[in-house]
Structure formats: structure tokens, C-alpha cells
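Here the sequence shown stands for residues 19 to 364, numbered as in my numbering.
We put the beta carbon where it would ideally sit given N, CA and C, even for glycine.
Source: prediction; values computed, not measured.
For reference, the structure discussed in these notes is given below.
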Amino acid sequence: RQLPNTFRLLFAASYRRQPCHLLVHSRRLTGGASTNRAYYSVFAISLSGAALYASRWMFFDSSSHKRVDNYEYPPKPDEKHFVHPYTSKPVWWRWFLVSKRVCWLVGCFAPFFALSFILVFIDSRSQSWREIWLKTLVFSLEHSGCSFQKFGQWLSMRPDMLPTDVIETLSSLRQDAPRHSMEHTRAVLRECLGGREIEDVFESWEPTPVASGSIAQVYRARLRAEEALPDGRVDVAVKVRHPGVLDETFADIDLIFAFITTIGEGCGHLTIPFSKDDFHRVLQQQVDLRWEAYNLGQFQRNFAAEGEVGGFPAVHPRLLAPGLLVEEWLPGTPVSDIFADVGHAF
């Protein structure tokens, strides 16, 4: 009965780096026994901990280590400065793209700004108008593209800048996003797989996406035996990039920073704690799914000695492209759910 309390006290003492407290806690747990008995108590607890740690390696199934030895790590993408493929287009073509993008964004955010005017100048105390305003904000961000969705996700983690109801509403952007059609998915796979169709590579395919993010959406599928992962697994998650992502990232970052700079001058407290180049670099790495594959490989390497490599999905080395990622299917829990459960402790 005292064992959990013992570990808690010993951890607290070691965390404060006060070894003398170990004897004090041990004497208290042994009913005020002598110093020698307290020493024996500390020694017994330390020996038990060492035995438990050693048993982890003695009885651990080494299959995951074998998986690492046979694992073909995804190569690291080019780290040179990203050059958008549209940069080489003619000037008139780029101006047309930016003009079209600006018109689309004006249409997306027009209802939001209209409701903002109502709340500020007409009925600022109406709770019903504010709920409509919050829903319109999320709708506008969802239909404005990945750059604005990413920016909304960042805002949802800044309770120091925005009211609580705005934070809670924007948090929905981290869970699900608008989904693209199956026709686009087929077109992406056909392009990335050298003209092959889904049926040529996958034995089964669930047409309804499991989830959708700001950059891509995920399907569950089963590979054909000849296309299996290096360890023989065939149950996979297939991540396909949304259409229009390259169009949206060409001009959106400049528009976002120009808007925040203008608003920040009026509000005085709205600033972005990172540079435009940093945001651009991170966003472009997320647009290229090969970076996600490389990062999963880095997790495999870093945790190989821990014997917990099975917790990181293996990436299919031959079914990989900037717009396609095929990885091992593993059950898991969204990080947002974990923080929702323990958030009160922070």
C-alpha cells in the first residue's frame, strides 16, 4: 500500500536534489525506524527499481528492433530555400492568380466582416449574434485554404490574445477540415503511381476519409501482397494532399502578414511571434508530404533503443511523393484529446 507513496516521495526528493530527504521519508514510511533500517529501505527500493528496469530488456519482445534493422528510412528532402513552382510563370499569369485569390478571399470573409460591424456598432451585447459571428469566422477560415486554416490553428492556441469562446471555436480547425472529392484522390494517386489506378496497388479502399486536415486528408486501405510494407504489413493509412494547396500558398502568406500588420497598428497588441520566412518555411514543409515521411523516420531512429518503435508508423518507401504518403495503420489518440483530459492539471 505504501509503494506508490514511496515512489512519489522519492521522486519529489530527487527532483529537489536533496538526497538527505530520502532518509527522512524512508524513516517516516518505516514507522520512525533507525537510520540503518532507513538505509536498508532506500537500498531495497533502489534495487527493486533496477530489477524492474532490467526486466524490461530481459523479457521485451525484440520484434520492433528487427523492424528497425529492416526498415528503409525515407530520404531527407532538399533543404535548400524553397522556390515556389509558380515563380517561373509569366508575370501576367501570377497577377491573374493573385487577383483571383484576393477576390475569393473577399467573398469568404465578407459575411464575417459584416457581422463584425453589427456586433461592434449595433448590438454588441447580443449572445445570439456573437454565436453566429463565431460560426461565420470558422466557416470563412475553413473555405479560405490551408494557409488561413493554419493561421487559425495557431490563434486557437493563444488564449493570451483572444477571448475564451473564440479559442474554443477556433479549436475545431485542429480536428477536421473540408474534404475533397474521390475523383481528385484518384487523379493524385494516378499521377504519383506512374499511371496506375487504386485497384492496381490496393486490395481494398475505404472511400470515406478517416479524417481531413488543412493540407491533406487520410484514407484507410489495404495493400496488395506484392505492394506490402518491408515488414509484410498491408493495413495502411493513405494521406492525399488537397487540391489548390499550391495556389493558396503562393500569395496567402503575404496577404496574412499584411493584414496582421494593418490590424496590429490599430489594436496595438496583435503581433506574430515569428517571421514571415519562418512561417513560409514551415508551411512549405507541411505541403510536401515527403518531409512528414522523413520526420517519421527520424522518430524511428531516435526511439529505436527504447523498444517502443512500434508506436511510430512505418512509411512505404516506394509509395511516396510530395502529394502522397502511405504509412502503416496504427491505432492512436488525438493529442487534443490527451490535453483535454489533463488540461486542468496545467
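With the rule of 3 Cβ pairs closer than 8 Å, the segment 293-305 does not count as touching the segment 181-195. Residue pairing by DSSP places phenylalanine 220 opposite Leu241 in a beta bridge.
The three-state reading of DSSP puts lysine 153 in helix, counting H, G and I together.
With contact defined as three or more Cβ pairs closer than 8 Å, the segment 216-232 and the segment 172-184 are not in contact.
Look at alanine 332 here: in three-state DSSP terms it is coil, with no helix or strand label. DSSP, reduced to helix, strand and coil, places glutamate 209 within a helical segment of the structure shown. Assigned with DSSP and collapsed to three states, lysine 107 falls in coil, not helix or strand.
Between the segment 101-115 and the segment 243-263 there are fewer than three C-beta pairs closer than 8 Å, too few to call the two in contact. Cysteine 164 is classed as buried because its beta carbon has at least 16 other beta carbons within 10 Å across all chains shown. Around the CB of alanine 239, 16 or more other CB atoms lie within 10 Å, so the residue is classed as buried. For the pair leucine 307 and alanine 205, the CB atoms are not nearer than the 8 Å cut-off. Judged by DSSP secondary structure, lysine 168 falls within the alpha helix (DSSP H) whose first and last residues are 164-173.
In the same chain as alanine 246, and ignoring 5 residues on each side of it, the C-beta atoms closer than 6 Å to its own belong to Val252, in chain order.
Straight through space, the alpha carbons of asparagine 320 and phenylalanine 127 are spaced by roughly 44 Å. Looking at the backbone, the Cα of glutamate 201 and that of tyrosine 237 are separated by about 14 Å. Spatial neighbours of glutamate 215 in its own chain (CB-CB distance under 8 Å, excluding positions within 5 residues in sequence) are listed in chain order as Arg204, Leu207, Arg208. Here arginine 197 has Pro227, Ser230, Gln235 as same chain residues with Cβ atoms under 6 Å from its own Cβ, once five neighbours each way along the sequence are excluded.
In this structure, the CA atom of valine 109 is about 19 Å from the CA atom of isoleucine 271. The beta-carbon distance between tryptophan 309 and glutamine 318, rounded to whole angstroms, is 15 Å. This is too long to meet the 8 Å contact definition. A distance of 8 Å or more separates the beta carbons of proline 335 and glutamate 346. Secondary-structure assignment with DSSP links lysine 257 through a beta bridge to Val236, Leu343. Among the bridge pairs identified by DSSP, leucine 247 is matched with none. C-alpha of glycine 212 to C-alpha of valine 300: approximately 28 Å in a straight line.
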